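Position 757 (the sequence shown) corresponds to 757 in the UniProt record's numbering; numbering is contiguous.
In what follows, a single structure is set out as structure tokens and then discussed.
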Amino acid sequence: MFNFLLKKNLNKFQKVLQEIKKFDKILNDYSDHQLKLQTEKLKQYLKDGQTLSDILPEAFGTAKEAIKRASGLNLFEVQIIGGLVLHEGRIAEMKTGEGKTIVAILPAYLNSLTEEGVHIITVNDYLAKRDSELARKIYSYLGVSVGLVEQSMPMYKRKEQYNCDVTYITNSELGFDYLRDNMAIDIQNIVQRNFSFAVVDEVDSILIDEARTPLIISGPSDTRNDKYEMANTISETLKKSTHYDVDEKNRNITLTEKGISYCEQILKIDNLYNINNSWTKFILNALKAKELFLRDQHYIIKNNEVIIVDEFTGRIMEGRRWSDGLHQALEAKEKVIIQQENKTLASITYQNLFLLYKKLSGMTGTAKTEETELDKIYKLEVIEIPTNKICQRKDLPDLVYRTEYSKWQAIANECFDMYQIGRPVLIGTTNVEKSELLAKMLDELQIPYNLLNAKPENIEREAEIITQAGRKFTITIATNMAGRGTDIILGGNPKIISKMVLTNYIQEKLDLKSLYQFNHIEEEIINILEKIDIKSFPSNLNNKELDDYIEKSIEIHKPKNQISLYIQNTYTQILQTYQIILEKEKQDVLSLGGLYVIGTERHESRRIDNQLRGRSGRQGDYGSSRFFLSLQDNLLRIFGGDKIYKLMQALSIDENIPIESMLLTKSLDSAQRKVELYFYDIRKQLFEYDEVINSQRQAIYTERKRILKSNYTRDCIIEYGESTIDEMILLYSKNTNRKLLIRQISQLLNLTEDFDLKMIISMNIEEIRNFLYEQLRVTYDLRESYLEQLRPGLIRKLEKYYLLQQIDKAWQEHLEKMTLLRESIGWRSYGQQDPLIEYKNEAFNLFINMVTYIRQTVIYLTMRSRLIINPD
């Protein structure tokens, strides 16, 4: 069933499995109250000196029993093994449909007993909300609190959610909260606790795909917007290959000599690269916007705004913007309002964010192809968990067509054939434009379909579309695996479909906008729906509120409210009818071969292709997958497809006849490996360079936290003052003009007394140091007593304000310098120097200068600032 190494890896869990089963039998007889007491009992064991490993069997048995009571699911052995792998801080590779969401409950419960907080991190808000609701039901049996951090949540609410035992959150919210916490000017504004244990769902998507771009919090910059419009106008007149070259592999653009002089001529300037008035960035961004960033693929226009489309999930990323002026270049290209360019206030890469956890684990269906990277960067081992039932899916060989048009024609014909026999089909496209092209072709063939892409009107129907994707006669077009995290159940999901049909009927009768759409509803179901007395429903709710009301009525254990009881009874009738209808439909679909997944283009990574294939053949179901490709597809074109294209032309092969060649499939696999390696190098380089800034970030953030938590910042100011004296005395020992230096020290520290300079110069270095230390303290005592008379407690507030303000200001300027250094350091390689080593050295010097600047400025401001007290 699975290879020897895998078997050897998993055999070690057998002993623990037997112990968990023992506790499972004992806990089965417990009352709900006794089960809830288990949590306190296990916490006490930990306080008495036992370790998590000691209490693991009992804790897993307890969580397993709670899952059984809350959801009716009895976990398979392979799911428990998945939980054990996660607890050990590894990645559990579990195929689609194996119940990963439930698996996370086991290690999360065990680790929550330490009371340090557990984070379950997901790829989007929908999954975080859905999974937290399921967890809440399960953990209610165990007295464990569950939090959910959502996008628009206020600060005090976020703090509450992070203080729960288990918190569900998306990767981006986690990162932005971390950065915001380290920009807070009051201890009360910090929302997160220390990072203890995390389970990352879809771990490959977050730690690999998302890790190419760092998280950035930015503020407005003072760049003029008219430069973007001018650069866009120039880019429209520049000709490809004459004025500039496009490197599609590296997604880069370079200006030719001809292009440079042409731009200089138009702009009436001597040097395009003039450091004081550089146009290069603007023109290159305008050309990238023109050649490399395509509408309805990389971004969409919504409410007159350019909104990024996540290339891995096909979802839109509201509120996220490309940096370095690229977003503004796209706004200029699309003739929408150009928003102010931003400067970086704080940033962190996902790699360094997740390495903050004491223990990190993850789960996904596809991580094996990236295990080297996961191990090297995150020290995470990938363990394959066998499927509960053997996978029956057939992955058919790729079909390669000469032109893209013939490929889409073939896909549309394949959909037509499948629709005639009633077999469900899921077509994965790589962008919005292609999904809409196929939709138009299916319209012409008069085939009904569901379209799921980044357009807002389609995203809203995501759960509903995926729920119905396994039904007979259903064709689903999905962009880039939108809908990950929701299983496609053959014949349809009776629970969700029953709820949606009931909600839809009530909404229509109350003249509200329907939330869901159905191709047809069975006669038996219509008969149940028509018996509903619509007058008894509250008419003052909007459609979303009504949807939530119905959902709560269905979920509630024993409804006390008459309407809720009525809704629950009607839902039960519909569910029982649907269970019979859909079970029969499932058997029909299985006899037709199960879900048929069609890939329309090979992705840059084999892993993403495997995710698409993995939608079919869940839990031992039959299914098949096939990729339809063309020699004009990006991957084939960039990696030598033109040679095969010329060969097909020379052999006069008909456009409509595909080639099915092992040689071609192998060359595609090697092309994907090359691209994977290329992107791994990008992430590795980003990580290595950010490693340098990360140690600096940790030092600055630790110092900031120390100041925020401190109630007595005087010690910090004195420490900064003494360090400043030390630095200047070092200069003193080297400098010949000692009088000038002593004057500078006394000016900086605001030492008001007249000194006998001759006497000071006659002292040795150590005596001068002690003398200045003493003067610093005396002067500071006088200043403190003066400010305390003005207003008690004012000096402490002033100290904290200056410390935080100067640290933040210096850090933001430092980040800008580091970005410029990073961009220019590559040229050092031409001088036979290693850019990374050079970067480390330069970065170290910049950091030392920044720390010196912070200390001196804080001392100068604290010692010399003049305060005007407003009597009001």
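The beta-carbon is built from N, C-alpha and C at its ideal position, and this holds for glycine as well.
In this text the structure is predicted, and so the values were computed from the model without any measurement.
The alpha helix (DSSP H) that contains residue i, what's its start and end?
{"i": "residue 13", "result": "Where residue 13 is concerned, there is no enclosing alpha helix (DSSP H), given that its DSSP letter is neither H nor E."}
{"i": "residue 175", "result": "171-181"}
{"i": "residue 87", "result": "77-87"}
{"i": "residue 336", "result": "Residue 336 -> no alpha helix (DSSP H), and no H or E assigned at all."}
{"i": "residue 61", "result": "52-71"}
{"i": "residue 403", "result": "That residue, residue 403, is in no alpha helix (DSSP H); it is neither H nor E in DSSP."}
{"i": "residue 880", "result": "The shown model of the chain, from 1 to 872, leaves out residue 880, and the question about it has no answer."}
{"i": "residue 494", "result": "494-509"}
{"i": "residue 566", "result": "562-591"}
{"i": "residue 30", "result": "Unbroken run through residue 30: none, as it is neither H nor E."}
{"i": "residue 443", "result": "432-444"}
Could you tell me which residues DSSP puts in a beta bridge with residue i?
{"i": "residue 626", "result": "598"}
{"i": "residue 299", "result": "295, 308"}
{"i": "residue 243", "result": "In DSSP, residue 243 forms no bridge with anything."}
{"i": "residue 393", "result": "623"}
{"i": "residue 215", "result": "348"}
{"i": "residue 873", "result": "A query on residue 873 cannot be resolved here, the shown segment of the chain reaching from 1 to 872 and no further."}
{"i": "residue 343", "result": "219"}
{"i": "residue 426", "result": "476, 597"}
{"i": "residue 168", "result": "120, 148"}
{"i": "residue 317", "result": "308"}
{"i": "residue 382", "result": "91"}
{"i": "residue 659", "result": "400"}
Can you give the Cα-Cα distance for residue i and residue j, rounded to whole angstroms?
{"i": "residue 296", "j": "residue 203", "result": "27 angstroms"}
{"i": "residue 95", "j": "residue 425", "result": "20 angstroms"}
{"i": "residue 188", "j": "residue 132", "result": "26 angstroms"}
{"i": "residue 540", "j": "residue 550", "result": "14 angstroms"}
{"i": "residue 366", "j": "residue 730", "result": "57 angstroms"}
{"i": "residue 1", "j": "residue 393", "result": "Interpretation of residue 1 is limited by its pLDDT of 38, a score under 50 that renders its predicted location unreliable; no figure is taken from the coordinates."}
{"i": "residue 59", "j": "residue 106", "result": "8 angstroms"}
{"i": "residue 136", "j": "residue 602", "result": "39 angstroms"}
{"i": "residue 160", "j": "residue 166", "result": "11 angstroms"}
{"i": "residue 853", "j": "residue 368", "result": "48 angstroms"}
{"i": "residue 855", "j": "residue 800", "result": "13 angstroms"}
{"i": "residue 822", "j": "residue 813", "result": "14 angstroms"}
{"i": "residue 310", "j": "residue 316", "result": "6 angstroms"}
{"i": "residue 155", "j": "residue 17", "result": "42 angstroms"}
{"i": "residue 862", "j": "residue 153", "result": "37 angstroms"}
{"i": "residue 961", "j": "residue 121", "result": "Shown here, the chain extends from 1 to 872; a query on residue 961 therefore has no answer."}
{"i": "residue 889", "j": "residue 448", "result": "In the structure as shown, the chain starts at 1 and stops at 872, and residue 889 therefore has no counterpart that could be examined."}
{"i": "residue 13", "j": "residue 81", "result": "7 angstroms"}
{"i": "residue 347", "j": "residue 323", "result": "12 angstroms"}
{"i": "residue 65", "j": "residue 49", "result": "25 angstroms"}
Check each candidate in the options and name the one with the smallest Cα separation from residue i.
{"i": "residue 374", "options": "843, 765, 211, 633", "result": "211"}
{"i": "residue 43", "options": "31, 56, 32", "result": "56"}
{"i": "residue 502", "options": "526, 491, 731, 488", "result": "526"}
{"i": "residue 491", "options": "507, 478, 474", "result": "474"}
{"i": "residue 385", "options": "479, 865, 689, 76", "result": "76"}
{"i": "residue 836", "options": "787, 726, 686, 761", "result": "686"}
{"i": "residue 405", "options": "278, 432, 628, 41", "result": "628"}
{"i": "residue 301", "options": "842, 577, 331, 813", "result": "331"}
{"i": "residue 364", "options": "99, 139, 472", "result": "99"}
{"i": "residue 182", "options": "849, 847, 811", "result": "811"}
{"i": "residue 636", "options": "145, 402, 781", "result": "402"}
{"i": "residue 350", "options": "148, 171, 593, 68", "result": "171"}
{"i": "residue 111", "options": "198, 337, 190", "result": "198"}
{"i": "residue 858", "options": "150, 534, 18, 802", "result": "802"}
{"i": "residue 341", "options": "281, 376, 348, 478", "result": "281"}
{"i": "residue 472", "options": "555, 581, 387, 671", "result": "581"}
{"i": "residue 683", "options": "613, 352, 588, 861", "result": "352"}
{"i": "residue 766", "options": "725, 804, 790, 805", "result": "725"}
Output the boundary residues of the beta strand (DSSP E) element that contains residue i.
{"i": "residue 710", "result": "No beta strand (DSSP E) contains residue 710, which DSSP labels as neither H nor E."}
{"i": "residue 450", "result": "450-452"}
{"i": "residue 231", "result": "First-last for residue 231: 226-237, but that is the alpha helix (DSSP H), not the beta strand (DSSP E)."}
{"i": "residue 253", "result": "252-255"}
Exercise for the section: Let me know the alpha helix (DSSP H) ranges lying completely inside the region 86-159, each 4 residues or longer, listed in chain order. Expected result: 100-103, 105-112, 125-139
Exercise for the section: Entirely within the region 721-793 and at least 4 residues each: give me those alpha helix (DSSP H) ranges in chain order. Expected result: Taking only runs of at least 4 residues, the alpha helix (DSSP H) segments lying wholly in the region 721-793 are 738-748, 757-762, 765-790.
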